[in-house]
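From first to last, the protein sequence lines stand for chains A and B.
Using this note's numbering, the letters of the first sequence map in sequence onto residues 71 to 247.
Using this note's numbering, the letters of the second sequence map in sequence onto residues 7 to 105.
A quick write-up on the structure given underneath.
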Amino acid sequence: MNTDTETRPTAARVEPLPPEARFSLRARAHHLDRISEALWVGVPRRIGDIAENDARRAVCLGPDEWLLTLPEDQGAGLKARMAEIRHDAPHALADISDRELCYRISGPGAAQIVAMGCPRDLRALVTGRAVRTVFDGASVILWREAEDSFRLDIWRSFAPHALALVETGIEELRAGL
Amino acid sequence: MLLIHCPYCDETLPEAEFAYAGEAHVSRAAVPSEVTDEVWRDFLFYRSNVRGPHYERWRHVYGCGRFFNAVRDTVSDRFLTTYEAGAPKPALTDLEGQK
Ligand SMILES: [Zn+2]
């Protein structure tokens, strides 16, 4: 065990992220151009890719599934624009703003903390990508925002469970365990 | 832990993200009432239970969510290949060649 814990900078920290509007989008490939126009952000086609346009983001989670995030006050506008194209480009759009709680885990030890609960090889999750995966038994969306910064979107009821593991990990890192 | 290649994500990922979903290429009769009891029984309950390469379904449940097919050797647990649902059944001779 290390003895310099007094001088060690905090290796990792976790913070809750402010609310935002979030939607789950399901659609077919040949409607995506029309849908992208209405979303004001082009939807990416490769699983794990994130497209961004002026604080509006689209994450490809599966072959026909996307997560959309945008500022809270733009949610109603997006719903209205998507309703207008429902006949040209049939799709399913569900408001999931309230479903998850989101946290940022950052610092030099961030990857170690995420690896405590997630079995993925985090080296393969490069900066600028996001995937659905598992964290200590709960389904999460894991974003790599930077080399030492991750975002974790986790269903509300599982959040206390996941957060307890994260906080324990941070304490252990701090203690040099 | 096994590493499994998801044909939709095109990544090789830990088993913990996947769920096994039984034998693959078991097709349901289009009109069940028109088949004999024996055919229906076999569809419901009879599986090949092979020792060796087994065609089976998996679901990338903690990931893209998709079902796909795999050929796994039930003795060694080695995956010979994975492929998208609906794709033709790969011949074993082709798979054994590409070890
Ligand atoms: Zn997948």
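For each residue, glycine too, the CB sits at the ideal point set by N, CA and C.
{"Check": "Starting from residue 46/B, follow the alpha helix (DSSP H) in both directions and report where the run begins and ends.", "Outcome": "43 to 51"}
{"Check": "Using CA coordinates, which residue listed in 165/A, 103/A, 156/A and 150/A is at the minimum distance from residue 139/A?", "Outcome": "165/A"}
{"Check": "Contact between the region 18 to 27 of chain B and the region 59 to 69 of chain B: three or more CB pairs below 8 Å?", "Outcome": "yes"}
{"Check": "Would you kindly work out how many angstroms separate the C-alpha atoms of residue 112/A and residue 127/A, rounded to a whole number?", "Outcome": "9 Å"}
{"Check": "For residue 71/A, which residues of its own chain have a beta-carbon under 6 Å away from its beta-carbon, when the five flanking residues on both sides are left out?", "Outcome": "Here the model assigns residue 71/A a pLDDT of 47, short of 50, so the residue's position is not dependable and the matter cannot be decided."}
{"Check": "Assign residue 87/A to buried or exposed, taking buried as 16 or more other Cβ atoms, counted over all protein chains shown, within 10 Å of its Cβ.", "Outcome": "exposed"}
{"Check": "What would DSSP say about residue 75/A, mapped onto helix, strand or coil?", "Outcome": "Caution is warranted here: a pLDDT of 48 is assigned to residue 75/A, below 50, making its placement in the model unreliable, and the coordinate value is therefore given only provisionally. Looking at residue 75/A - three-state DSSP - the assignment turns out to be coil, as it is neither helix nor strand."}
{"Check": "Closer than 8 Å to a non-hydrogen atom of ligand 1 - does that hold for the CB of residue 100/A?", "Outcome": "no"}
{"Check": "What residues in the region 208 to 241 of chain A bring their beta carbon closer than 8 Å to a beta carbon of chain B?", "Outcome": "209"}
{"Check": "Quick one: which unbroken beta strand (DSSP E) runs of 3-plus residues sit fully inside the region 113 to 182 of chain A? Chain order, please.", "Outcome": "120 to 123, 126 to 132, 135 to 140, 161 to 165 and 170 to 176"}
{"Check": "Taking 8 Å as the cut-off, is the CB of residue 132/A close to at least one heavy atom of ligand 1?", "Outcome": "yes"}
{"Check": "Give every residue whose Cβ lies closer than 6 Å to any heavy atom of ligand 1, listed in chain order.", "Outcome": "12/B, 14/B, 15/B, 66/B, 69/B, 70/B and 72/B"}
{"Check": "When you compare the CB positions of residue 183/A and residue 208/A, do they come within less than 9 Å of one another, or not?", "Outcome": "no"}
{"Check": "Could you tell me the alpha carbon to alpha carbon distance between residue 98/B and residue 23/B, rounded to whole angstroms?", "Outcome": "26 Å"}
{"Check": "Could you tell me whether the Cβ of residue 72/B comes closer than 9 Å to any Cβ of chain A?", "Outcome": "yes"}
{"Check": "Show which residues of chain B have a CB atom less than 7 Å away from the CB atom of residue 199/A.", "Outcome": "Here the premise fails: no neighbours, minimum Cβ distance about 11 Å."}
{"Check": "Return the chain-ordered list of same chain residues with a C-beta closer than 6 Å to the C-beta of residue 151/A, the five sequence neighbours on each side being excluded.", "Outcome": "108"}
{"Check": "So residue 22/B contacts chain A; which residues on that side make the cut at Cβ distance below 7 Å?", "Outcome": "189 and 204"}
{"Check": "Cβ closer than 8 Å: which chain B residues qualify as neighbours of residue 131/A?", "Outcome": "70 and 71"}
{"Check": "Just to confirm the assignment, what range does the alpha helix (DSSP H) spanning residue 239/A have?", "Outcome": "229 to 244"}
{"Check": "As a quick exercise: from 123/A, 143/A and 148/A, pick the residue whose alpha carbon is nearest that of residue 94/A.", "Outcome": "148/A"}
{"Check": "Decide if the region 170 to 190 of chain A is in contact with the region 226 to 245 of chain A; the criterion is three or more beta carbon pairs, one per stretch, under 8 Å apart.", "Outcome": "yes"}
{"Check": "Examine chain B for any beta-carbon lying closer than 9 Å to the beta-carbon of residue 75/A, and answer yes or no.", "Outcome": "Here residue 75/A scores only 48 on pLDDT, less than 50, and its place in the model should not be relied on; the value that follows carries that caveat. Not an interface residue."}
{"Check": "Buried or exposed, going by whether 16 or more other CB atoms sit within 10 Å of the CB of residue 118/A?", "Outcome": "buried"}
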